[in-house]
Amino acid sequence: MRIQQLLVLVVSLSLAPSACRNRQLPEPAAPPPPASAASQVPAAAAAPATAAAPAAAPAPAAPQEPVPPTAADLDRLRQQAFAAEAAGDHGSAADAFLALSRAEPLRSDWIVAAGRCLGRSGRFRDAVELLDAARRRFPGAIEVLGMLARTFLLQAERDRDVMNPEILWADAAGLAEEVLAASPDDEDSRLVLAQARYLLGDRDEAVRQAEEAGRRHPQRAGSHVLLGRLALDQLRELRRRHAEQQPTGQEAADLVQQIDRARQQARSSYQRAIELDPTRPFPHIALAQLAMLDQKPEAARDHMLDALVADPDADVDHELLGKGLDPSQRAALYRGAHDRYAKGTESRPAKLATLLFHEGRQLFLAREFATARARLEAALQANPAAYNTHWFLFLCAYHLGDHDAAERHAATYAGHGAIAFADAIRELSGDHRGEVGAIVQFLADRAFQQQRIEASRDLNHVLASLKDTADAWNNHAFLCRETGRFEAAQQSYEYALQREPESPQLWNDAAVVLQYHVPTPANLAKARTMYERALQFADKALADARVTGAERERATKAKADATANLAALPAR
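Under my numbering, the residues of the sequence shown are numbered 404 to 975, in order.
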């Protein structure tokens with residue numbers, strides 16, 4: 404669910420003047436010196452007083468046979484695999500099916516299932532290698548050939564690294580023909596063959612194979628979906644030709660007749676597919692596209708809503724769905740789709756959450772913040788993994804004056820992806836961008852003042868990504884250090900130094916992390932160099948008569964801290 408650009412004006416902030424300024428957090432003082440310099444050296448680096456004689460090497464243990472899985476283990480794996488696939492987690496499903504194939508190596512169906520899920524998760528190389536090896540192990544298993552053919556088609560469609568998809572199309576066609584020679588009623592392979600031939604430019608053969616699939620399987624929707632696609636593509640091509648050539652007379656009449664024939668074929672094919680399988684969203688989406696070609700936006704909207712009722716996660720053009728409607732009207736559309744989907748016998752909480760999110764987003768844009776918040780909270784409860792919901796909840800809560808909830812949702816969203824949070828703010832228009840950024844600053848400062856340091860850290864990460872200044876990265880680095888995230892602290896100090904490379908304070912503070920928190924020999928050597936740089940730049944600042952006031956005080960303190968920390972380093 405992609406964050407959409409805000410269309411409402413964020414209310415004016417009632418903050419203290421200093422709360423919105425780019426204030427630095429308190430500068431860290433030099434840590435107290437350790438009890439002894441030796442304690443700073445890792446135990447692994449300290450040599451023993453006397454070298455002990457090496458112990459005799461133990462005899463190698465005898466290799467142990469792997470423990471075969473129990474019936475309960477296999478049952479648990481089966482449940483995990485099918486549940487993950489049903490939930491759309493194809494990567495986890497593939498791993499579970501692969502484990503089953505290792506546990507029961509004589510069952511080709513586990514390999515077919517693993518190949519199917521590997522392909523759907525984008526792991527095409529693994530899928531092809533697995534199925535190709537199974538093709539040799541199970542020479543009579545046509546289901547392996549069929550899945551390999553389907554995988555080739557999917558790879559050609561989705562893998563951006565494929566340079567010559569026609570090779571994969573031809574391989575898919577060959578495998579499908581091999582399956583059909585042994586099993587002419589294999590519907591999937593016949594449809595794969597039809598698609599491959601169409602992609603290779605043989606439309607007539609594609610239509611013939613799709614119609615044959617429909618003749619052999621009259622109660623299945625697949626052939627009608629494919630025939631609808633072929634007709635819709637032909638309709639677009641004929642309309643393009645009509646617009647470019649602008650024929651007249653009989654030629655125009657013939658072309659118009661062909662256009663109408665293609666239109667009717669597409670519509671009837673998709674309608675038949677829906678009759679046979681109402682749960683498929685694609686025929687509804689295709690009918691919406693057909694309605695837009697015919698300049699019937701209301702009919703297109705109805706078809707898109709039908710697609711959402713079939714599957715709330717369907718690839719619907721949400722901008723087109725709400726075109727010409729205000730946010731309240733768009734929210735009502737999603738509420739209607741939600742209620743229709745909820746009445747179905749196979750409705751799932753995560754799918755309902757998708758429709759609740761869309762409704763809540765539109766209610767937010769309509770400035771109905773309390774109702775929007777209720778819908779979005781229900782969406783988050785139904786699907787806690789829908790992290791984008793936190794974005795709108797944080798803004799709703801802020802508008803409603805609930806700063807605790809605003810901070811909680813903003814910090815959660817920031818913790819999941821601070822850079823994505825900053826990018827969402829950047830996508831806003833100018834005034835909104837500044838005001839939402841100021842809200843985040845207010846919440847970050849408030850969290851720090853009230854000792855919720857982890858929340859302040861994550862919100863300051865957003866601010867650092869957004870502002871990209873030395874001060875902002877220094878604030879984040881300090882808070883990472885205070886909460887034990889030393890690698891992140893060091894990285895942010897380095898970002899700050901890239902933007903202010905002659906800051907003695909930053910050189911000292913970055914070295915403090917290495918010396919006192921990750922004191923490996925390499926880090927201690929690096930810290931020494933960094934303290935020396937801090938002293939060099941402090942002396943340079945103090946020698947400059949133009950450096951006065953707070954800047955001079957910071958240079959003086961950085962010099963004192965670097966001197967003390969340098970003295971506390973173990974001797975070389």
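Here a beta-carbon is modelled for each residue, glycine too, at the ideal position from N, C-alpha and C.
Which of the three DSSP states is assigned to residue i in this structure?
i	result
Y790	coil
P907	helix
V843	helix
L509	coil
R424	Because the pLDDT at R424 is just 34, under 50, the model does not fix this residue reliably, and the value given afterwards should be weighed accordingly. In this structure, R424 counts as coil in the three-state DSSP scheme.
T757	helix
Q852	helix
L728	coil
Q698	coil
K746	coil
S495	helix
A676	helix
S832	coil
L972	coil
E771	coil
F618	The sequence given here places Arg at residue 618; Phe does not occur at that position. Helix.
P715	coil
H812	helix
A484	helix
P471	coil
R733	helix
A782	helix
Could you give the distance in angstroms between the alpha-carbon of residue i and the alpha-carbon of residue j?
i	j	result
M933	V950	22 Å
D729	A953	53 Å
A858	C799	18 Å
A1004	L862	No statement about residue 1004 is possible, as the shown extent of the chain runs from 404 to 975 and does not include it.
R675	A735	29 Å
R611	S731	48 Å
Y898	R829	20 Å
L912	H879	Note on identity: in this sequence residue 912 is Asp, with Leu being the wrong assignment. Whole-angstrom Cα-Cα distance: 12 Å.
T872	E903	8 Å
H706	W794	30 Å
P681	L571	31 Å
L548	L556	13 Å
L846	F767	20 Å
R666	L638	6 Å
R751	R743	13 Å
E722	A740	16 Å
A613	L477	39 Å
G631	R600	16 Å
D807	A576	60 Å
Let me confirm a value: residue i is counted as buried when at least 16 other C-beta atoms fall within 10 Å, else exposed. Which label applies?
i	result
D588	exposed
M566	exposed
V659	exposed
Q648	exposed
R936	buried
A441	Legend: pLDDT at A441 = 31, less than 50; position of this residue unreliable, value from coordinates given subsequently. So A441 counts as exposed.
K943	exposed
D964	buried
R424	Note that R424 scores a pLDDT of 34, beneath 50, so its modelled location is shaky and nothing firm can be said.
G652	exposed
I822	exposed
K726	exposed
K962	buried
E640	exposed
G617	buried
Q765	buried
T792	buried
So, are the CB atoms of residue i and residue j less than 8 Å apart?
i	j	result
T554	G518	yes
A789	A782	yes
V595	A585	no
S868	A825	yes
A496	E488	yes
F500	W513	yes
L693	A717	no
A930	L917	yes
L938	T966	yes
A530	S511	no
L503	L480	yes
L976	Q901	Outside the shown range of the chain, which is 404 to 975, sits residue 976, and nothing can be said about it.
A745	A785	no
Quick one: does the C-beta of residue i sit closer than 7 Å to a heavy atom of the ligand ATP?
i	result
L521	You won't find the ligand ATP in this model; it holds no ligand whatsoever.
Which runs of the beta strand (DSSP E) at least 3 residues long sit entirely within the stretch 516–599? Give them in chain order.
none
Could you name each continuous alpha helix (DSSP H) segment of 4 residues or more that falls completely within the stretch 621–652, going from the start of the chain to the end?
625–648
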